[in-house]
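Top line first, the protein sequences correspond to chains X and W.
Read in this note's numbering, the first sequence has 251 at position 251, and its numbers run on one by one without any break.
Read in this note's numbering, the second sequence has 1282 at position 282, and its numbers run on one by one without any break.
So the structure is just underneath, and the comments pick up after that.
Number of protein chains: 2
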Amino acid sequence: MQRRLQRARIADVAREAGVSKTAVSFAFNTPDRLAASTASHIRAVADELGYRPHPVARMLTQRRTMTIGVLTPQSLAVVFANPSFARFGEGIAEVAEAAGYELHFISPRSGSLAAAVARATVDGVIALGLTGDHPELGQIRASGLPLVLVDGDHDAGGASVQVDDAGGARAAAKHVLDLGHREVLVVAIERPEASLGGQQGAVITNRLAGYRAAFEARGLDLGPESIVSARASIADGKRAFREAWASGRRPTAVLAMSDAIAMGVVEAARELGRRVPADLSVVGFDDVDIAEIADPPLTTVHQPIREKGREAARLLLEGLAGEPRRGEHARQVRLATRLVVRSSTARVATARATPPRRV
Amino acid sequence: MQRRLQRARIADVAREAGVSKTAVSFAFNTPDRLAASTASHIRAVADELGYRPHPVARMLTQRRTMTIGVLTPQSLAVVFANPSFARFGEGIAEVAEAAGYELHFISPRSGSLAAAVARATVDGVIALGLTGDHPELGQIRASGLPLVLVDGDHDAGGASVQVDDAGGARAAAKHVLDLGHREVLVVAIERPEASLGGQQGAVITNRLAGYRAAFEARGLDLGPESIVSARASIADGKRAFREAWASGRRPTAVLAMSDAIAMGVVEAARELGRRVPADLSVVGFDDVDIAEIADPPLTTVHQPIREKGREAARLLLEGLAGEPRRGEHARQVRLATRLVVRSSTARVATARATPPRRV
DNA sequence: AGCCTCGCCTAAACCGGTTTAGTCCTGAGA
DNA sequence: TCTCAGGACTAAACCGGTTTAGGCGAGGCT
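Here it is in structure tokens:
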């Protein structure tokens, strides 16, 4: 029992087997460079000693970790709490695994994303919901780590994956306008606690611009008094609608920037005695799994979250594979959104129970 | 533009700054060992060169990666698709992050978990749903990597976190028996494609044993003809119930081993013209988020998935911190489950529309 | 016999840092 | 004036592997 050593090293195996370190290395990596008998002997000794090549040491010489980092602007606990992130992760995992890569999640360590990135042993990074001018991004770029931006700024110049948030929002707004609604309340995502799945500055701005475009196309206006904010959770969506109601707003339709908010609005409306969609139409955003199962099934803007993950991983792998080919533009992918009409929206009630204009 | 070098090394900075490698290292790690002016000069040069200490090299000398590995028996794409896994990950992340650790997900690389583990640069591993006799576990133990088993075999001897599956299942079965049901169909989780969240051999066995115990406590029997299997998804739960129905079974209650299956059963029952819970009571397992939102809200067995993650992480951190204190038993944690009665179960209809006994 | 090739294996350099064990110099105390 | 402490910095060893460049002996060919 020579259990003094915490762990067997390659030198131990070499000594024990009476060969050189090189031979041991060969036995594990390129056994064909050794006589079959030698190789099996070495492996036997290694097994006996419980030897396993030290992964970190191996990385150091091979200069690749076969790991891709997923950079999240918030703590992982928050990120994992968001169902749409699971879809995104699923997409990344799908293509990363196929290429033999593993996933390493990087979140702000003691507040600093930069510090976390500096310590991360990854070959490349997929950054979620970071605007292009975010200070950490500069550092990552400077260090030469391949990077793909998701739901950030497209102008940033690097590889990026984006979703047509504006188009989706426009379709959602057009839908309720087509149904005759004029008293419309927008529940935006609140910035600071911005839930993941990539809801960050750019995303919110784009969606709002989309809503607005639909209104303007009809010569209507979407004033600040028609916009409230909530964090992307059921509970906070509920709160937001209740407060809007309490302050006298009587919308016939709600455009919510996330499904969770939308479901909160539905709950709040019911508790206030409004039926959905008879008295109030509600449109969500994202089209998470539960949107279809919810009661009533939610009309919402579908965004291909899994595909977003896949695409990001593909882009990163491209960057990893190729030389940093000069002059060639980094690819920027933009994915489409589409409105999915279910049962939470209906034509505005012709006989209005609500007074004309108090919104 | 000396862009020949892919990346600045410590030696480059040292040369450029006219100091030794040691000084550069000090400037980054223990600046107080240097004159303030020297330290800032070195950092300036480093910045200019875009130098960032190579994380892998640093790991090698420090012998810790500050990363914990999460070992999943299936591909990550499959794992992430399971909503309950997100809860589990959330729990792990919560305590791991608080302790400054990052998360690295390890899935079977080209089929071999062992190979994946061998390459993983982690300080310890949380293994999900692996039975104690799984061959990879032996390797991990042999290599001296701290390990926590979740939803595996408790007899295995190492640190482990378990959930009282049997107790929860017993409570579920007792509930439907108390409601007067006697024609009960169990929809178990199918082994091969066993969805994650830790549904593996041990879990299925324990749950089944729990159902059975409740029946036996009443002198009733739960024969193999009352048990069918499905993968843990809505679609497959639907299929399973339809097939059971087609083969002539007419249960008044269904005990499903997962919420997803339960929801599939509900859908199938509706399509067959049965109302839930009037004609058919359904009990799920896990109590995922959507169980509460579903229509009807699902009666199910709650298991503290997030707490399971937290506990696993805590156990691992303990193992990481302490010396491998001899003789001391590894801790084994067991968490409670509890039945949550919602609206998918009801007293059995007194006037039976279904023929007496065809199950 | 002499030369080459080839199979099998090894010594030493290297990956990019950290750490140990000093060296050198300056200023205070005796 | 000499000694000694301690501040500032460095050379070399080390972490644990992989890779390069080659050594050595046996057999084939001429």
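Beta carbons are placed, not taken as given, at the ideal position from N, Cα and C, and that holds for glycine.
Source: prediction; values computed, not measured.
Against chain W, the CB of residue 259 of chain X has no partner CB under 7 Å away; the residue lies outside that interface.
Exclusion of the five residues before and after residue 145 of chain X leaves 124, 125 as the residues of its chain whose Cβ lies within less than 7 Å of its Cβ.
In the three-state scheme derived from DSSP, where H, G and I count as helix and E and B as strand, residue 67 of chain X is classed as strand. Under the three-pair Cβ rule at 8 Å, the region 1022-1037 of chain W does not count as touching the region 331-343 of chain X. Rounded to the nearest whole angstrom, the CA to CA distance from residue 239 of chain X to residue 245 of chain X is 10 Å.
Between the beta-carbon of residue 172 of chain X and that of residue 78 of chain X there is about 26 Å, and that puts the pair past the 8 Å contact cut. For the region 63-76 of chain X, residues whose beta-carbon sits nearer than 8 Å to a beta-carbon of chain W comprise 65, 66, 67, 75, 76. With fewer than three CB-CB distances shorter than 8 Å, the region 1265-1278 of chain W does not count as touching the region 1199-1217 of chain W. Counting along the chain, the unbroken alpha helix (DSSP H) around residue 1212 of chain W starts and ends at 1201-1217.
Inclusion of residue 1075 of chain W and residue 1107 of chain W in the CB contact set at 7 Å is warranted, their separation being smaller than that value.
Taking 8 Å as the upper bound on Cβ-Cβ separation, chain W lies near residues 104, 105, 106, 107, 109, 110, 116, 118, 119, 120 of the region 104-120 of chain X. Taking 7 Å as the cut-off, the Cβ atoms of residue 188 of chain X and residue 140 of chain X do not count as close. Note on residue 1224 of chain W: under 16 other CB atoms within 10 angstroms of its CB, so exposed under the neighbour-count rule. Closest in alpha carbon position to residue 216 of chain X, among X/174, X/347, X/49, is X/174.
With a threshold of 16 other beta carbon atoms within 10 Å, residue 250 of chain X meets it and is buried.
Contacts with chain W at 7 Å (Cβ-Cβ) include residue 7 of chain X. Taking CB atoms only, residue 1340 of chain W has no neighbour in chain X less than 7 Å away. Comparing C-alpha distances from residue 1297 of chain W to each of W/1063, W/1316, W/1262, W/1318 shows the shortest one belongs to W/1262.
The three-state reading of DSSP puts residue 1162 of chain W in strand, counting E and B together. Using a Cβ distance threshold of 7 Å, residue 177 of chain X and residue 160 of chain X do not count as a contacting pair.
When the beta-carbon positions are compared, residue 95 of chain X and residue 314 of chain X come within less than 7 Å of each other. For the C-beta of residue 126 of chain X, not a single chain W residue is nearer than 8 Å; the gap to the nearest is close to 14 Å. Among the residues of chain W, none has a CB under 9 Å from the CB of residue 285 of chain X; the nearest is roughly 17 Å distant.
Using beta-carbon distances, residue 10 of chain X does not count as an interface residue toward chain W, since no partner is under 7 Å. When DSSP states are grouped into helix, strand and coil, residue 281 of chain X belongs to the strand group. A Cβ-Cβ contact shorter than 7 Å links residue 50 of chain X with residue 1142 of chain W. Cα atoms of residue 1310 of chain W and residue 165 of chain X: separation of roughly 36 Å, rounded to the nearest angstrom. Cβ proximity to chain X below 8 Å picks out 1289, 1290, 1293, 1294, 1295 from the region 1270-1296 of chain W. Closer than 9 Å at the C-beta level to chain X, one finds these residues of the region 1227-1247 of chain W: 1234. In terms of Cβ geometry, residue 1302 of chain W and residue 1338 of chain W form a close pair [threshold 7 Å].
In the three-state reduction of the DSSP assignment, residue 1091 of chain W falls in the helix class, which pools H, G and I. In this model, residue 1248 of chain W and residue 1242 of chain W are separated by some 10 Å (Cα to Cα). Chain X places no beta carbon closer than 7 Å to that of residue 1251 of chain W, leaving this residue out of the contacts.
Here the C-alpha atom of residue 1267 of chain W lies approximately 9 Å from the C-alpha atom of residue 1234 of chain W. At least one beta carbon of chain W lies nearer than 7 Å to the beta carbon of residue 56 of chain X. Look at residue 121 of chain X here: in three-state DSSP terms it is coil, with no helix or strand label.
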